[in-house]
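Data first, discussion second: the structure below is written as structure tokens.
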Ligand SMILES: Nc1ncnc2c1ncn2[C@@H]1O[C@H](COP(=O)(O)OP(=O)(O)OP(=O)(O)O)[C@@H](O)[C@H]1O
Ligand SMILES: [Mg+2]
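Chains as they are written, first to last, in full-length UniProt numbering: chain A, 1 to 252; chain B, 1 to 288.
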């Protein structure tokens, strides 16, 4: 059974309502799906539609077979789906511990037990528990963001460019953590700019272009596909994709 | 002269600490709802009258009249928010600020209609000032100071340890992420308005205790409150406290150095200086 099944999803913003024009995907428990595509393809918008930040115009979203299309962010958390957004994904003025507690906001009685479980998986967060999140390095912040999302013990975890702005070493470490999270049984959907590296740690990959599915398949095979390489991976050794070829500025 | 200056410093720190209470309310509302609530002065007046009624009509001691001031101002603050500000939310922060200013005028005149223009005094025992060498402090001044500190300690504990307080800080920090973690921003906004207005009410009562209560007791504070919050960085909790103490001291010193009319100038100069030199305030970005 798939944990997350998305069928012909479309939607967008009040100002631009045709951004996502029919995206379908599925992620099984324990599986890591990476979603790649050029800037502005609608990757982040898909994630916002899935979490209830935006209301889908058409299509269907199911979690463990249950229809959850159009639920509020709160209901989506309760249904077991959590997003780590692309930017500003921690509360900078709150401590590490308070950030984790916010991840369990809807179920405060479980906070203690979950805090123990999450800090066991990410020991760094235990060491820094009293530190304000804004004092963490970029890589540490991404780990905190992921720890916060895991506090509610989601069955589906959505990550939006978790390695944006990280050093190659920090990106490697983070990919390893994402991989381990998937292997613990969570269905993980990861949007990434570091396409080549992302495909190397993922089970399957989906290429989105202009709000639609363009290519999909097992990640290693897709990474070798000459057309995909030419489209997205050519030129730059680091495998950053950028349709304009100007390179992407790192964030913060 | 040095002694007079030291006395002005003592008075300024006490006045500034009291000013910090409504300034915290103002800055908290700004941090979560992103608009300056200029009804804060009238809300302080509501609290001053509520505390005065509690004290003179029901014989409540000050520590028991303060929660009455909090409650009355909190309810008035929610009424202002729902009836005047919320309908203009879509029009932006400036319109919300103007709506709150107008609602404050209405509130002020309702109080004038109900209580008249007379100066009202709390039922206070007449006590002799305490003298320390050349310095004088009134026991009532000290009690007000301690009550103001207690209000701030309670606020700090609420923000630090309660689930709702943490949610307030989370929304102030990053509204979208708070939404993604299941926080209801509408509920948090309502709690913030109630707490912020309640703080203004307690501040108004403390000022009324120090002077007297009339329909303008809170309105006269608005400039100082705004200056304190701007000086500390709008939306910053520690900033509001530091800003209020700085404004309180500067006002006392201005009165000493020039004449009482110059008290008003301090707020204007502080706002002007911050806006031109360091728009984010002394404490930089907003902080929890
Ligand atoms: N808040 C918004 N309001 C209106 N349009 C938006 C908004 N956010 C994004 N868009 C538009 O939607 C389209 C898709 O944006 P989206 O952020 O989903 O792209 P993306 O694939 O995540 O790109 P990136 O790789 O840059 O993160 C873009 O054309 C963008 O301009
Ligand atoms: Mg994006």
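Don't be surprised by glycine CBs; every beta carbon is placed ideally from N, CA and C.
key: Where the alpha helix (DSSP H) through residue 192 of chain A begins and ends   = Neither: residue 192 of chain A is in no alpha helix (DSSP H) and is coded neither H nor E.
task = Using a Cβ-Cβ cut-off of 8 Å, state whether residue 141 of chain A counts as contacting chain B.
result = no
task = With a threshold of 16 other CB atoms inside 10 Å of the CB of residue 109 of chain A, please say whether the residue is buried or exposed.
result = Residue 109 of chain A comes out exposed.
message = Give me the residue from A:162, A:117, A:32 and A:224 with the minimum Cα distance to residue 88 of chain A.
response = A:162
Under 7 Å from the C-beta of residue 183 of chain B: neighbouring residues of chain A = 105
inquiry  = Taking its Cβ as the centre, do 16 or more other Cβ atoms sit within 10 Å of residue 194 of chain A, making it buried, or is it exposed?
reply    = Counting every other CB atom within 10 Å of its CB across the protein chains shown gives residue 194 of chain A a total of 16 or more, marking it as buried.
ask   = Does the distance from the CB of residue 156 of chain A to the CB of residue 133 of chain A come in under 8 Å?
value = no
task = Spell out the partners DSSP gives residue 34 of chain A in its beta bridges.
result = According to DSSP, residue 34 of chain A bridges with A:190 and A:205.
message = For a quick check, are the C-beta atoms of residue 9 of chain A and residue 189 of chain A less than 8 Å apart?
response = Not a contact, by the Cβ cut-off of 8 Å.
request  = Determine the DSSP secondary structure at residue 235 of chain B, reduced to helix, strand or coil.
outcome  = If DSSP states are grouped into helix, strand and coil, residue 235 of chain B belongs with coil.
query = Between the stretch 14-22 of chain A and the stretch 97-107 of chain A, do three or more beta carbon pairs fall short of 8 Å?
reply = Flag = no, the stretch 14-22 of chain A and the stretch 97-107 of chain A do not touch.
inquiry  = Is there a Cβ of chain B sitting closer than 8 Å to that of residue 14 of chain A, yes or no?
reply    = So, not an interface residue.
key: 8 Å Cβ cut-off: residues of chain B touching residue 92 of chain A   = 173 and 174
query = Quick one: what's got a C-beta closer than 7 Å to residue 104 of chain B's C-beta in the same chain, skipping five residues either side?
reply = Cβ-Cβ distances below 7 Å link residue 104 of chain B to 38, 39, 41 and 42 in the same chain, with the five nearest sequence neighbours on each side left out; the list follows chain order.
key: Residues near ligand 2, criterion Cβ-heavy atom distance below 7 Å   = The set, ordered by position in the chain, is A:43, A:44, A:86, A:160, A:161 and A:191.
Distance CB(residue 17 of chain B)-CB(residue 148 of chain B) smaller than 8 Å = yes
Euclidean distance between Cα positions of residue 185 of chain B and residue 171 of chain B = 7 Å
query = Counting along the chain, where does the alpha helix (DSSP H) carrying residue 176 of chain B start and finish?
reply = 175-180
ask   = Just checking, does the stretch 43-52 of chain B make contact with the stretch 206-214 of chain B on the three C-beta pairs under 8 Å criterion?
value = yes
task = Confirm the yes/no value for this check: CB of residue 194 of chain A, any heavy atom of ligand 1, distance under 7 Å.
result = No.
request  = Compare the C-beta of residue 166 of chain B against all C-beta atoms of chain A and say whether one is closer than 8 Å.
outcome  = yes
ask   = Who are the near neighbours of residue 64 of chain B in its chain, counting only those whose CB is closer than 8 Å to its CB and skipping five residues on each side?
value = 54
query = Residue ranges of each beta strand (DSSP E) run of no fewer than 3 residues wholly in the stretch 132-172 of chain B, ordered along the chain?
reply = 135-137
query = Below 8 Å, can you find three or more Cβ-Cβ pairs linking the stretch 4-11 of chain B to the stretch 192-200 of chain B?
reply = no
query = residue 63 of chain A and residue 3 of chain A: beta carbons closer than 8 Å?
reply = yes
query = Helix, strand or coil: how does DSSP classify residue 19 of chain A here?
reply = Residue 19 of chain A: coil per DSSP, three-state reduction.
task = Starting from the beta carbon of residue 74 of chain A, find every residue of chain B whose beta carbon is closer than 8 Å, and list them in chain order.
result = 182 and 184
ask   = Is any beta-carbon of chain A found at less than 8 Å from that of residue 64 of chain B?
value = no
ask   = Looking at chain B, which residues of the stretch 20-54 of chain A have a Cβ within less than 8 Å of any of its Cβ atoms?
value = 51 and 53
message = Considering only heavy atoms of ligand 3, does any lie closer than 7 Å to the CB of residue 35 of chain B?
response = Among the ligands present in this structure, namely ligand 1 and ligand 2, ligand 3 is not found.
ask   = Under 8 Å between C-beta atoms, does residue 161 of chain A make it to chain B?
value = Not one beta carbon of chain B lies nearer than 8 Å to the beta carbon of residue 161 of chain A.
task = May I ask you to list the residues that DSSP assigns as paired with residue 132 of chain A?
result = A:95
query = Comparing alpha-carbon positions, which option in A:211, A:180, A:107 and A:212 lies nearest residue 203 of chain A?
reply = A:180
request  = Taking C-beta pairs closer than 7 Å, name the residues in chain B that residue 83 of chain A reaches, listed in chain order.
outcome  = Within chain B, the residues near residue 83 of chain A are 180.
query = Would DSSP call residue 100 of chain B helix, strand or coil?
reply = helix
ask   = In chain order, what residues of the same chain have a beta carbon less than 6 Å from the beta carbon of residue 141 of chain B, not counting five sequence neighbours either side?
value = 14
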